[in-house]
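Peer 1: Pasting a structure below so you can have a look.
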Amino acid sequence: MRSTPRPGAVSSTVRRGLVAAAVLALGSTAAVATATSASAAVSCKVNYSASEWQGGMSVNLTIQNLGDALNGWTLAFTFPNSSQKVSQGWSGNWSQSGSNVTVTAMDWNKSLSTGGSTSIGFNGTWSGSNPAPTDFKINGVSCNGTPQSPSPSPSPSASPSPRVSPSASPSPRVSPSASPSPRVSPSASPSPSASPSSSPPPPGTHVDNPYSGATGYVNPDWSASAKSEPGGSRVANISTAVWLDRIAAISSGSAGNNSMGLRDHLDEAVAQDAANGSAPLTIQVVIYDLPNRDCSALASNGELKIAQNGLARYKSEYIDVIAGIMADSKYSNLRIVTVIEPDSLPNLITNVNAFQACQEAQSSGAYVQGVQYALNKLHAIKNVYTYVDAAHHAWLGWDTNFQPMVNLFYQVATGTTAGVNSIDGFIVNTANFGATVEPYFTINTSVNGQSVRQSHWVDWNWYVDEQSFSVALRNALVAKGFPNTLGMLIDTSRNGWGGSARPSGASTSTNVDTFVNESRVDRRIHAGNWCNQSGAGMGERPRANPAAGLDAYVWIKPPGESDGSSSAIDNDEGKGFDRMCDPTYGGNSLNGNNPSGALAGAPVSGHWFSAQFQQLMQNAYPPLS
Ligand code: BGC
């Protein structure tokens, strides 16, 4: 872990050219939309569902098309109270002028068939009162839910599918058909920990969201390392993942201070579960040993090589053994979440041309077949949940990468025995540092007539943070054919960015670069930097149902475990020396030739890095109490 290739590993100049073309194409899309709306009979219904707390809100809107098929739509509504503001929207291009809010469709959700629906949303602020808008217009026509003539009335079967009732599901999530959206957030709190709305299902049931209503497993290995640090007890009981980073880890623990094997952890999880009372227990296990692992970087190269029969060994000595243990009936009441192969499939989207090891991973089919094999074996166990790694916004957030990634995920899933159902969800930001939410600007912010997309930092990406990216990715995956039960996870273990360098408000600069650089909480030198980032802090603590479409914020990368050594260190784990972990390195085309931003004095990946742990605590956001 973890390379952060920029889009297609092309030079900045080329990419700017490519993206400029995409912008032009979007312009013509808008023209098509207008033409369509002029001839189509528009009829629509919009559901507006807000979770609010003092001064803030998170709103989910579902647009239902009851009229002719639309190829492009613009939603408009007006806030009743002048204090109400959108601060960050997703799944659409959001803008606000006075109290009037306009949202235009993204490329992937612009087509709405008759009876079709799409979900969008935003986070916002208010003061005084926060009434819901009452009039919503699609392409200028008020949405009163009545099909217009001469457009065909949707037949009952074409109309939105039955509503999800909050009590029908232990972990309701946003659904195009769900109205009003069964959001779980108690409206009084900005950071709800979701509680199930009905009594917990019987232990061992495969639930929609394994984090909902559950307690997280505390990994004694990591907990001991954390406790050994001054101040570490403040976090030592937080649930972090167990990494199976080599075959030997199954029996005797992963790199560094870790000595517990998989059975040790599952036995301990059963004990923690018993001590816990009635709440189910969720344990997270990272599956991370594909042949040619970490093919675009060196710091987490693994033990298996494709050229040395690595795929067969991966199946028989690694996945089969793990699945055999997890299937033991002793563990059937646990909720076992597996995080599947960080960085692997995203490398096939962006790094095949630039890295021989990735090329081999693709041409041999080893990554795809390895992931499919893992999904087949793990999904077959009822109480195991599969979350496939989907990199992060600064890897996949450009058009050139986003839809190809969605297509590959779909291809991988449909090649498994259970098809799209073999994947419970996807995880973003694993072991990375991207902010969950940039609070002071969104992708729709403009400065002096220039979009933040034009800034060097954003660099024409369509996302500025992980939450907007993950929700958009989820929607695109559902649109592609994944079930609407799909849930997203965000690894927030090291993306807090608190401390003295954290901005306290939006910049007042009229220069778009200065504005973004002074406003962003992600203080990395470049969004492509990924190794032991200086200045980072622990992020949001793990919790279920933090926002629509998200199953949980999770801590997958155990804070304090290194991403890679800052100088060459001999090791018997197959790990190389990646200069992105060397603070003296001036970078390469993948990070815009910027310094690596890595901390000095780092050990080999997975090994304990006390100075980093201390800094992560110091810069935690929300701060540690
Ligand atoms: C390392 C693994 C380690 C994991 C969690 C990865 O970067 O390669 O050995 O288990 O991080 O710290």
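Under mature numbering (1 follows the signal peptide of the UniProt record, and there is no 0), residues -33 to -1, 1 to 592 are what the sequence shown spells out, in order. Glycine included, each C-beta is placed from N, C-alpha and C at the ideal position. Remember, it's a predicted structure, so these values are computed and weren't measured experimentally.
If distances are taken between C-alpha atoms only, which option among Ser109, Thr45, Ala72, Lys104 comes closest to Asn97?
Peer 2: Of the candidates Ser109, Thr45, Ala72, Lys104, the one whose C-alpha sits nearest the C-alpha of Asn97 is Thr45.
Peer 1: Would the beta-carbon of Trp210 be found less than 7 angstroms away from any heavy atom of the ligand BGC?
Peer 2: At least one heavy atom of the ligand BGC is nearer than 7 angstroms to the Cβ of Trp210, so yes.
Peer 1: For Lys104, which beta-bridge partners are listed by DSSP?
Peer 2: Paired residue(s): Ala43, Ser109.
Peer 1: For His232, collect the residues of the same chain with a Cβ closer than 6 angstroms to its Cβ; drop the 5 residues on either side in sequence, then sort them by chain order.
Peer 2: Closer than 6 angstroms at the Cβ level, and outside the excluded window around His232, lie Val209.
Peer 1: Quick one: is the Cβ of Gly220 within less than 7 angstroms of any heavy atom of the ligand BGC?
Peer 2: No.
Peer 1: List in chain order: all unbroken beta strand (DSSP E) runs of 3+ residues lying wholly within the segment 430 to 493.
Peer 2: For the segment 430 to 493, whole beta strand (DSSP E) runs of length 3 or above, ordered along the chain, are 454 to 458.
Peer 1: Check whether the Cβ of Ser267 lies closer than 7 angstroms to any heavy atom of the ligand BGC, and answer yes or no.
Peer 2: True, at least one ligand heavy atom lies under 7 angstroms from that Cβ.
Peer 1: Throw me the rounded Cβ distance for the Asn48 and Trp93 pair, which I believe falls under 8 angstroms.
Peer 2: Contact holds; Cβ gap of about 6 angstroms.
Peer 1: Roughly how many angstroms separate the alpha carbons of Ala358 and Leu375, rounded to a whole number?
Peer 2: Taking the straight line from one Cα to the other gives about 13 angstroms.
Peer 1: Just the Cα atoms here: how many angstroms apart are Thr353 and Asp458?
Peer 2: Near 15 angstroms, if we compare the C-alpha coordinates of Asp458 and Thr353.
Peer 1: Note down, in chain order, each residue of its chain lying with its Cβ closer than 7 angstroms to the Cβ of Ala578, except the 5 sequence neighbours on either side.
Peer 2: Hits under 7 angstroms: Leu566, Gly568.
Peer 1: Quick one: Cα of Ala333 to Cα of Pro258, how far?
Peer 2: When rounded, the distance between both Cα atoms is 7 angstroms.
Peer 1: Tell me whether Ile292 sits in a helix, a strand or coil according to DSSP, three-state version.
Peer 2: It is helical.
Peer 1: Return yes when at least one heavy atom of the ligand BGC lies under 7 angstroms from the C-beta of Asp256, else no.
Peer 2: No - the ligand BGC has no heavy atom lying nearer than 7 angstroms to the Cβ of Asp256.
Peer 1: Give the C-beta separation of Val488 and Arg469 to the nearest angstrom, bearing in mind that I take them to be a contact with Cβ-Cβ under 8 angstroms.
Peer 2: Indeed they touch by this definition, with Cβ atoms about 6 angstroms apart.
Peer 1: Which runs of the alpha helix (DSSP H) at least 4 residues long sit entirely within the segment 316 to 364? Give them in chain order.
Peer 2: You should have 323 to 330, 333 to 346, 360 to 363.
Peer 1: Within the same chain, show all residues whose beta-carbon is closer than 6 angstroms to that of Thr412, passing over the 5 residues directly before and after it, in chain order.
Peer 2: Same-chain partners within the cutoff: Val419.
Peer 1: What are the boundary residues of the alpha helix (DSSP H) that Pro189 is part of?
Peer 2: The amino acid occupying residue 189 in the given sequence is Trp; Pro does not appear at that position. Trp189 -> alpha helix (DSSP H) spans 187 to 194.
Peer 1: Under 8 angstroms by Cβ, that's how I've got Ile105 and Ile30 pegged, so tell me the actual separation to the nearest angstrom.
Peer 2: The pair is a contact, with the Cβ atoms about 7 angstroms apart (cut-off 8 angstroms).
Peer 1: Using three-state DSSP, classify Leu211 as helix, strand or coil.
Peer 2: Looking at Leu211 - three-state DSSP - the assignment turns out to be strand.
Peer 1: Excluding the five sequence neighbours on either side, which residues of its own chain have a C-beta within less than 6 angstroms of the C-beta of Asn186, listed in chain order?
Peer 2: Result list for Asn186: Thr207, Val209, in chain order.
Peer 1: Check whether the segment 310 to 322 touches the segment 285 to 298, counting contact only when three or more Cβ pairs, one atom from each stretch, lie closer than 8 angstroms.
Peer 2: Flag = no, the segment 310 to 322 and the segment 285 to 298 do not touch.
Peer 1: DSSP three-state label for Glu235, please.
Peer 2: Helix.
Peer 1: Apart from the five residues on each side of it in sequence, which residues of its chain come closer than 6 angstroms, Cβ to Cβ, to Arg490?
Peer 2: Here the set comprises Trp464, Ala468, Gly502.
Peer 1: Where Ile523 and Gly392 are concerned, what is the direct C-alpha to C-alpha distance, given to the nearest angstrom?
Peer 2: In a straight line, the C-alpha of Ile523 is about 15 angstroms away from that of Gly392.
Peer 1: Take Gly472 and list the residues in its own chain whose beta-carbon comes closer than 7 angstroms to its own, dropping the five residues that flank it on each side.
Peer 2: Once the five neighbours on either side are set aside, the close Cβ partners of Gly472 are Tyr407.
Peer 1: Tell me the DSSP secondary structure of Arg230 in three-state form.
Peer 2: Correct three-state label for Arg230: helix.
Peer 1: What do you reckon, is the C-beta of Gly541 under 7 angstroms from a heavy atom of the ligand BGC?
Peer 2: Because no heavy atom of the ligand BGC lies under 7 angstroms away, the Cβ of Gly541 does not count as near it: no.
Peer 1: Just verifying my parser: in three-state terms, what is the DSSP assignment at Trp61?
Peer 2: Note: Trp61 maps to strand in three-state DSSP.
Peer 1: How many Å lie between Trp189 and Gly199 at the Cα?
Peer 2: The straight-line gap from Cα to Cα measures roughly 11 angstroms.
Peer 1: Taking the straight line between their C-alpha atoms, what separation do you get for Gln339 and Ser330?
Peer 2: So the alpha carbons of these two residues sit roughly 16 angstroms apart.
Peer 1: Please confirm whether any heavy atom of the ligand BGC lies closer than 7 angstroms to the CB of Ser49.
Peer 2: No - the ligand BGC has no heavy atom lying nearer than 7 angstroms to the Cβ of Ser49.
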